[in-house]
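Residue numbers (the numbering used here), protein chains in the order written: chain A, 1 to 282; chain B, 1 to 282.
Below is one structure, written out as C-alpha cells, with a few remarks after it.
Pasting the structure below:
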C-alpha cells in the first residue's frame, strides 16, 4: 500500500492505472476509519482491480460552529486498517494541497439540500460537492462507494454525477450497525456512556416508522408524529428532525409511495447523530 | 470520421480510447467552422493520436437578448470541413441530450469575469464553465484547444481546470486572422459590407496600443485613451470596451508589467466583435 500526498503524484498514478486497463474503486473518507468504511473498502476490493481511498477532513464542508477542529483524526491507525483491508493507495493530501489558491469558480448544490441535514448545515453540501468533484478528477475512479448512513450525501452525489456526466458509477452501500442497531460513525466516540446506551433507540424509532408503514399507514405526518413520540419516550438527546421524503430526489410526499427515505438527526452533548432507512413502498 | 449524438456512446468511445493508450485532443466548438477552428484541429491532430471536436450551440451561455437563435449553424458543411481536417469523432448532441433534467447544482465563475465581456454578459461564463465541465467528463481529453481570440474564455477555463484539478492540458492557440487583420469569427458573416471593410481597424487599434507600450508607455489609461481615439477616427461601430489587464488572472493594472492583455469589443448592427493581443511587458 502506498500513501500519496500530492495531487500531481496521485494523478500520475491514476492515469497510469487507467491506461493499464485497471479499474479503480474509490472510497472517499475523512479518516478515523471504522467498520462502515471497511465495508465500503471490501466492496470496492471485490468489484475493482485497484482500490484507492482518500483521507481528507475537508474544511469547506464544516460550518463555523461545527466540529472541524475536534473531528477525530488518527492517521497511523487508519493506515494500518486500510492496509489490512487491502487498499492499494491512500490519497492523503494537506488542506494547502487541495486548496492552494482562492478558487475562481463556485459550485453550489441547489436541489436535494433544503431538507434533512442540508437545512441546518448551510453550505455543507456545497463543500462536499466541491471537494468530491476535485477528488474525482484526481483519482478518476470507475466506481465510487458511499455509505447509505449519509443518504443525503448519496442523493447529492447522484445529482452531481448526473449534472456533469461524470464517468463514474455510484455504489451506495448499506449502513453498517453495532449489535444494538446504532449506525457506525466516527462521531460515536464523542458520546458519553449514557448517551451511547440510549443511542440504539434512533434506529429502533426508524424500525417503528417502517412497521407502521408496513401495517398500512400512508400518511407521512402520522408516521413522523409516532416516531417523535417514540424518541421522546426513549432518548434524552435533542431531536433535530424526523423526516420522510422520496429518494434520491428528496422531494416532499403527501402520500407514501415508491422509494422513500425515513431519516432523523439527534443532537447529543458532543456529537450529532444521523440515521435513516430507505424503503420501497408499494 | 464518426458522428456521435449521445452522451453514452461518446463516453463509451472515450473510455475505450483511453484504455487503448490513445491520447485525445479535443476542440470544443459551437459549429460553423472557420479557419480559426481548423487551426485548432490541426494543432490537436499534430499533438494527439485521436482528435474529437464537439459541435454544440450551448443555450446556457447566451443571455436573453443575445444571438442564440441567429447563431449561424450548418452541420453538413461542418462535417465536411472536420472530415477534411482529420477529425476522428464529432460529438454533436442535442440540447435535450446535454440538459435532460433540471440540474441539482449550480456552477458560477466568480473570478476573471468582472471585466471585458463578462461585465456585459451576465451568466455567460457560468454557462461556458458548466457546459465545458460536462463536455470534459464526456470526452475525457488529454489536451483541450481554445483560440486566444476568446482570451477571457481561456482565462476562465484555466481557472476551472485548476479549481477542479481536471487532468487536462489547456492549449491556447494564436488568433487566426483575415489578410487585413480581422480576427476570424463565425459572427463575421453577420457584418454588412461597409462594416466588414472598416472592421480591420479593431486589430489595427490593438497594434497601435502595442506600439505605444513598446515605445515606453506604462500607464494603461494613456494607452486605452489613445486606442479609443484611434477607433473613433476609423470605425462606425459602437466601442463596448477597450481594457488592459494582467493575463490570465485578469486583474487591474496600475502600471503595465508582466503578461498583459489588451482587449476590445465593438458592436455592429448584427454582430458584436471582440479581439485582443497578449504581450509580455518587461
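Don't be surprised by glycine CBs; every beta carbon is placed ideally from N, CA and C.
Item                                                                                                                                                                                                 : Value
With the cut-off set at 8 Å, would you say residue 159 of chain A and residue 108 of chain B are in Cβ contact?                                                                                      : no
Measure the alpha-carbon distance for residue 260 of chain B versus residue 154 of chain B and round it to whole angstroms.                                                                          : 14 Å
Could you tell me the distance, in whole angstroms, from the CA atom of residue 234 of chain A to the CA atom of residue 126 of chain B?                                                             : 50 Å
Here's a check: name, in chain order, each residue in its chain whose Cβ is nearer than 8 Å to the Cβ of residue 58 of chain B, leaving out the five neighbours to either side.                      : 30, 98, 127, 128, 131
What does residue 167 of chain A reach in chain B if we use C-beta pairs closer than 9 Å?                                                                                                            : 11, 14, 15, 137, 138, 140
Going by alpha carbons, who is nearest to residue 93 of chain A out of A:6, A:15, A:277?                                                                                                             : A:6
Cutting at 7 Å between CB atoms, please list the residues of its own chain near residue 191 of chain B, excluding the five before and the five after it.                                             : 199, 268, 271
Would you tell me roughly how many angstroms separate the C-alpha atoms of residue 221 of chain B and residue 165 of chain A, rounded to the nearest one?                                            : 45 Å
Quick one: what's got a C-beta closer than 7 Å to residue 40 of chain A's C-beta in the same chain, skipping five residues either side?                                                              : 27, 145, 147, 173
By Cβ distance, which residues of its chain are closer than 6 Å to residue 274 of chain A, with the 5 residues on each side in sequence left out?                                                    : 265
Might you give, ordered along the chain, the residues of its own chain that have their beta carbon closer than 7 Å to the beta carbon of residue 230 of chain A, omitting 5 neighbours on each side? : 205, 208
Using a Cβ-Cβ cut-off of less than 9 Å, list which residues of the segment 93-117 of chain A approach chain B; keep chain order.                                                                     : 98, 100, 101, 102, 103, 104, 105, 106, 107, 108, 109, 110, 111, 112, 113
Rounded to whole angstroms, what is the Cα-Cα separation between residue 51 of chain A and residue 84 of chain B?                                                                                    : 43 Å
Going by the beta-carbon positions, is the gap between residue 23 of chain B and residue 142 of chain B smaller than 8 Å?                                                                            : yes
Under 8 Å between C-beta atoms, does residue 50 of chain B make it to chain A?                                                                                                                       : no
Determine the chain A residues that contact residue 164 of chain B at a beta-carbon separation under 7 Å, and present them in chain order.                                                           : 133, 134, 137
With C-beta atoms as the reference, is residue 11 of chain A less than 8 Å away from residue 194 of chain B?                                                                                         : no
Given that a residue counts as buried once 16 or more other Cβ atoms are within 10 Å of its Cβ, and exposed if not, what is residue 344 of chain A?                                                  : Absent from the model: residue 344 of chain A. The displayed extent of chain A is 1 to 282, so no value can be given.
Please classify residue 78 of chain A as buried or exposed, where buried requires at least 16 other C-beta atoms within 10 Å of its C-beta.                                                          : buried
Quick one: what does DSSP say residue 175 of chain B is sitting in, helix, strand or coil?                                                                                                           : coil
What beta strand (DSSP E) runs, 3 residues minimum, are completely inside the segment 34-93 of chain A?                                                                                              : 50-55, 89-91
Who does residue 146 of chain B pair with in a DSSP beta bridge?                                                                                                                                     : B:172
Which residues in the same chain have their Cβ closer than 6 Å to the Cβ of residue 61 of chain B, if we skip the five residues on either side of it in sequence?                                    : 124, 127, 128
Tell me the rounded alpha-carbon separation between residue 88 of chain B and residue 80 of chain B.                                                                                                 : 12 Å
Check distances from the C-beta atoms of the segment 15-48 of chain A to those of chain B and list, in chain order, the residues that come in under 8 Å.                                             : 15, 18, 19, 21
Are any of the Cβ atoms in chain B nearer than 8 Å to that of residue 160 of chain A?                                                                                                                : yes
Can you give me the C-alpha to C-alpha distance between residue 163 of chain A and residue 248 of chain A, rounded to a whole angstrom?                                                              : 14 Å
Starting from residue 25 of chain A, trace the beta strand (DSSP E) in both directions and tell me its first and last residue.                                                                       : 24-29
Can you tell me whether residue 150 of chain A is buried or exposed? The criterion is at least 16 other CB atoms within 10 Å of its CB, across all chains shown.                                     : buried
Buried or exposed for residue 255 of chain A, going by 16 or more other Cβ atoms inside 10 Å?                                                                                                        : exposed
Would you decide whether residue 54 of chain B is buried or exposed? Buried here means 16 or more other CB atoms lie within 10 Å of its CB.                                                          : buried
In this structure, what does DSSP give as the bridge partners for residue 189 of chain B?                                                                                                            : DSSP, once it has assigned bridges, lists no residue as partnering residue 189 of chain B.
Indicate whether at least one CB of chain B lies closer than 8 Å to the CB of residue 154 of chain A.                                                                                                : no
Would residue 292 of chain A be called buried (16 or more neighbouring beta carbons within 10 Å of its own) or exposed?                                                                              : In this structure chain A extends from 1 to 282, so residue 292 of chain A is not present and cannot be described.
Tell me the DSSP secondary structure of residue 238 of chain A in three-state form.                                                                                                                  : strand
Counting only beta-carbon separations shorter than 8 Å, does residue 129 of chain B have a partner in chain A?                                                                                       : yes
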